[in-house]
Each structure stands twice: as structure tokens, then as C-alpha cells.
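Chains as they are written, first to last, in my numbering: chain U, 6 to 267; chain H, 149 to 476.
This is the structure in C-alpha cells:
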């Protein structure tokens, strides 16, 4: 039986001669969201880039819908894997619409211009993220939050099966953080398998089916947020004493550092 | 719309270029000789000026300007840096060293051009290789500094060849060539320059959509489905071939590859599909205007490279002062 979705088996990652992590395994079905937690410099970005094929794996296999991706061309990869990087400002004053249209790159050959259908799909992505009014704005002049939403729109225009987001809420204000998380849930409901890295355990409680904690190069814990986000895990990984506080009659939990409560 | 305006300006400039200089050709004579309008037949002298002297030179100025400007636009996208240009990346110095070596060895024109191309390619390879090896610093700064350093190294090679060259025949040729000029341009040069520039434009024109994605950086471009290495190699070969072809006939004509793409970007934005045609037209117009000035300003012809530098330096400083806040 071919397993649908993303499956990572015994992945070792890092740079040649400098392994950062090893034996990372997880599997994600379409519609599932996995939240990747871990301390700064713990290798979250490196792991995600290896899954994306931007870095060659030092060992192990990444499968999509059961197929080994090792020999895939960048174009084949881009048709299945969407990537939302941490937003940089960039150098050139593309419009937001042009930037989102670049998400269609893998869908046409190297020499052909984007088609009318590509423009429609890019436009729909802008509408889905609620940023159609930004379409003609200059990429260099919009806010970090707006850029992040546009990068998600670009990945959406790519129409991938798996979406990987590297700290999509970093540098965002509270409102935009909430908006991005809502968008992640919405995309999962449409059948995307989603992995996102974050620093906020609350986000895992809010929208992740699964949580994995990357610590010292290994997936230290993996499971539902209730199983994984415990005072023990937080102490081990971040060196912080926390209480897990139920709110909303236990339907949601928050992770509160003890030092804040004294 | 801006493009047709640019084309109109280019056409007007071309007519002006024929109408001024040592032997002025009136617009009427020009149009008749080109078969655009009927009228009294044109004198043999005017025919000779149009077909043998002024015509090739006007075409050469346009080709060199278009080549330097569009290669600059391509490098700026590829290296994700609006401040790079064939000059700053050391391509010009490498191409110059190759061409000077060709002159020193008294090679035929085609071989000088080949040596120039090889020099340019080696220079861009060295700059890119060294900059890629130096990690953990501001990559833009590293790239520009590496270009300056490699350029200086290649410049010392040029200096050595000047020192070794025959002071009566070769040295004046080399010196004159290094200052940049189209004065000695002839129809044979055109047969080499024209096809080379057109062929080198092909990869840039074909890959115009991919070049936009490339300007997002290696990782993002790959994640969007671009075969980064392939596109980079094809575009660098195209841009370097154009630079080398231009440098081998005109000598060092600086700043065009830096300024013109900026100007074009201010008018049509950064998307390469619109930027490339605009850059070609503006580059052609700019160098035609400067070359016409060089021909007509003084009693003797001024070196082209000197004029472009005099115009280019203040504009470059203005760009630096604007910093990254503005739109490139």
C-alpha cells in the first residue's frame, strides 16, 4: 500500500562533514499539521531544508506519496513541496502580484511565460489570504506581516501537496500571528500536509495534530500536543520550568513559565 | 508604452548621430540612401559615409550599449545585487586582459574576441568562486570587494603586458583601446559583434521568467522549481559573452552596465520580461548619445570610456546615497 502524504525515514541532515541531526523519522497524512519545536540553533531550519531537498540528506529517505524524492528534479519537487521561507526583504521592487505569480514557476517550462490560468490561480491565492488589495504594492515597501502572508499565497499558488513553513510567525505582530495560524488550519482542511517550525508551544496547542521536538539533533518527543508539550519536555529542551494551564474548559492549553507567576 | 517612447528616442538619436560630425549627413540624404523615401539621388561621398563609416559606427554604439546594459541587468538579477555590473564583477578587467593579451600577441580580431571572452569568463568564475567560499559575512559586500580585488589582480596583468609591449606599435594600440573608443571600428568588426551579441541575448531572453525567480536567491528559486545551476550557467555565459564581445571592439566603456539597468528598472520595474527590452533600448540610446558627443565635442575625438565614467561616477554615488530604502 502506498502511504499518502509526507514520510521521512531515518533522515540524517547537516552539511558535509558536519552532521547536525540524525535518525529523524515522521510521517504526515494529507490534512495533518505537524508543529516542529526546538531551541534556537537546534537545526529546525536545516531539517526543513533537507526535507525540501534544498540540502542533500546525509542519510535516510524523504518520500512523498510513497515515492523516494532523492532523484527528483527541482521542478518535480516544487510541484509537490511548497516552501514558505522566513521572509527577507529581497532586493528588487517586484509587485506583490508578481511575487505570488512566481509560485507558478514549476508549472510551466523554463522558457514559457506564465499563462492566463497561472495569473488566475495566483490571483485566487491573493484572495484566499485576504491580500488582494496589496497586489500592486511594492514588495520592498509592505510590512513583514504582509510579506509573510504573500509568501504563503505564493506557496499556495504553487499548488503543492505538502507545505513547509519555517517560523511563519516570526517577526509578526499578534494579529498577523493569529491570521497565519488560521490560514494554516484552513489549508490543512483543504488536504495539504503541513509542517511548520515555531518557537511558541501555544501554536502547537492551537492548530497542530502532531508535535515534534528537535533537540540535540534528534526528534526528542513526538505525538499529540498533549503528549509532547509537558513541563518535563520544556525543562529538557528549553531549560525553563513551566505549567501547562488549561483554559476554555480544557479545550485549549497555554504554556506558562513559572517565573511569570511568582 | 515606455518602450515605444524609448525606441522613438533611439531613432531620433540615430538620425542626429548621422547629421553631426566631420561629414554631416542630412536626414533627407539618410532616408533616401536607406530607401525609406524617394528623392534626388545621394552623392557618392554621402553613400560612403552612410554605409562605410557612420552607419557601422552608429550600429556599433547601439550594440555595445545594449550588450553592456543587458549583461549588467542579468548580473544584477543573478547575483541578487543591484550594485553589481560587468565592471564591478571584474568581467571587464578579465575581458580587457584577454583582449590586451590578444593585441600583444598580434592575433586576428576573432581571436582577440575569443581571448577577451575567455578572460571575462575566468574573471567572473574567480569572483563568484571566491565569494561563495567566504561565508558568514554580508554576501553582497563580499561579492563587490572580491570583484574589486580580482579586478585589481587582472589589472596588474594588463599593466605587465603594457610594460612588455612594443612601445611604438602595440602600446599606443593598447592604451587607446583601454580608454574605450569606437573610432577605429569598421564593418568587419560589425560582422563579429552583431551576431555575437544577438546569440548571447538568446539565453537571457529565453530565461527571462526564470531570471526573476533567480533574483530571490538560490534556496527560494530551487524551492520554486528552478534548476538554479543550469539557469545560472546559461545566463552567465550569455552575459559574459556579450560583455566580452562589446569590450573586445570598444575597449573599456565603464558604468553602462550599472546605470542603464537602474534607469530601466525605475521606468518599467524589475520584472525581467519588461526590463530586458527596456535595458536594450536605453543602453543603445545612451551609448549612441555618448559616442556622438565623443565624436563632436572637441577638435579631437574624446575617449568613450572617459565620458561614460564622468557621467557614471556621480550617478553611482547618488545610488549609493539612496541606499536600500528606495526601490531599485
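Glycine is no exception: its CB is placed at the ideal position from the N, C-alpha and C atoms.
Closer than 8 Å to chain H by CB, residue i
i, result
"residue 59 (chain U)", "yes"
"residue 80 (chain U)", "yes"
"residue 236 (chain U)", "no"
"residue 194 (chain U)", "no"
"residue 98 (chain U)", "yes"
"residue 115 (chain U)", "yes"
"residue 16 (chain U)", "no"
"residue 259 (chain U)", "no"
"residue 74 (chain U)", "no"
"residue 121 (chain U)", "no"
"residue 55 (chain U)", "no"
"residue 173 (chain U)", "no"
"residue 39 (chain U)", "no"
"residue 250 (chain U)", "no"
"residue 88 (chain U)", "yes"
For residue i, the three-state DSSP class (helix, strand or coil)
i, result
"residue 410 (chain H)", "helix"
"residue 6 (chain U)", "With a pLDDT of only 47 at residue 6 (chain U), under 50, the local geometry of the prediction cannot be trusted, and the value read off the model is given with reservation. Correct three-state label for residue 6 (chain U): coil."
"residue 171 (chain U)", "strand"
"residue 107 (chain U)", "helix"
"residue 166 (chain U)", "coil"
"residue 112 (chain U)", "helix"
"residue 192 (chain H)", "helix"
"residue 197 (chain H)", "helix"
"residue 305 (chain H)", "helix"
"residue 72 (chain U)", "strand"
"residue 240 (chain H)", "helix"
"residue 135 (chain U)", "coil"
"residue 400 (chain H)", "coil"
"residue 417 (chain H)", "coil"
"residue 247 (chain H)", "helix"
"residue 245 (chain U)", "coil"
"residue 252 (chain H)", "helix"
"residue 4 (chain U)", "Residue 4 (chain U) lies beyond the range of chain U shown here (6 to 267); nothing can be said about it."
Exposure label - residue i; buried when at least 16 CB within 10 Å
i, result
"residue 179 (chain U)", "exposed"
"residue 221 (chain U)", "exposed"
"residue 265 (chain U)", "exposed"
"residue 187 (chain H)", "exposed"
"residue 473 (chain H)", "Unreliable placement is indicated for residue 473 (chain H), whose pLDDT of 48 sits below 50; the coordinate value is still reported in the next sentence. Answer is exposed; the Cβ neighbour count stays below 16."
"residue 320 (chain H)", "exposed"
"residue 239 (chain U)", "buried"
"residue 20 (chain U)", "exposed"
"residue 317 (chain H)", "exposed"
"residue 232 (chain U)", "exposed"
"residue 437 (chain H)", "buried"
"residue 146 (chain U)", "exposed"
Neighbourhood of residue i by C-beta, 6 Å cutoff - its chain only, sequence neighbours within 5 removed
i, result
"residue 428 (chain H)", "214 and 218"
"residue 35 (chain U)", "9, 10, 196 and 198"
"residue 475 (chain H)", "For residue 475 (chain H), the predicted structure reports a pLDDT of 45, less than 50, and the residue's modelled location is therefore unreliable. The matter cannot be settled from this model."
"residue 440 (chain H)", "165"
"residue 197 (chain H)", "171 and 173"
"residue 192 (chain U)", "none"
"residue 157 (chain H)", "433"
"residue 421 (chain H)", "356"
One or two residues paired with residue i in a DSSP bridge
i, result
"residue 19 (chain U)", "U:24"
"residue 251 (chain U)", "U:258"
"residue 29 (chain U)", "U:16"
"residue 226 (chain U)", "U:218"
"residue 66 (chain U)", "U:14"
"residue 39 (chain U)", "U:200 and U:215"
Spatial neighbours of residue i in its chain, beta-carbon cut-off 8 Å, leaving aside the 5 residues before and after
i, result
"residue 163 (chain H)", "175 and 178"
"residue 236 (chain U)", "246, 247, 248 and 249"
"residue 17 (chain U)", "24, 26, 27, 28, 29, 62, 63, 64 and 65"
"residue 347 (chain H)", "389"
"residue 391 (chain H)", "215, 216, 219, 234, 239, 240, 243, 268 and 405"
"residue 37 (chain U)", "10, 193, 198, 199, 214 and 215"
Other residues of its chain near residue i: CB distance less than 7 Å, five sequence neighbours each side excluded
i, result
"residue 91 (chain U)", "171, 172 and 175"
"residue 382 (chain H)", "351 and 355"
"residue 369 (chain H)", "361, 362 and 376"
"residue 6 (chain U)", "For residue 6 (chain U), the predicted structure reports a pLDDT of 47, less than 50, and the residue's modelled location is therefore unreliable. A value from the coordinates is still provided. No residues qualify anywhere along the chain."
Within-8 Å CB hit, residue i to chain U
i, result
"residue 350 (chain H)", "no"
"residue 427 (chain H)", "no"
"residue 455 (chain H)", "no"
"residue 417 (chain H)", "yes"
"residue 291 (chain H)", "no"
"residue 283 (chain H)", "no"
"residue 361 (chain H)", "yes"
8 Å Cβ cutoff, residue i in contact with chain B
i, result
"residue 84 (chain U)", "Among the protein chains of the structure shown, namely U and H, there is no chain B."
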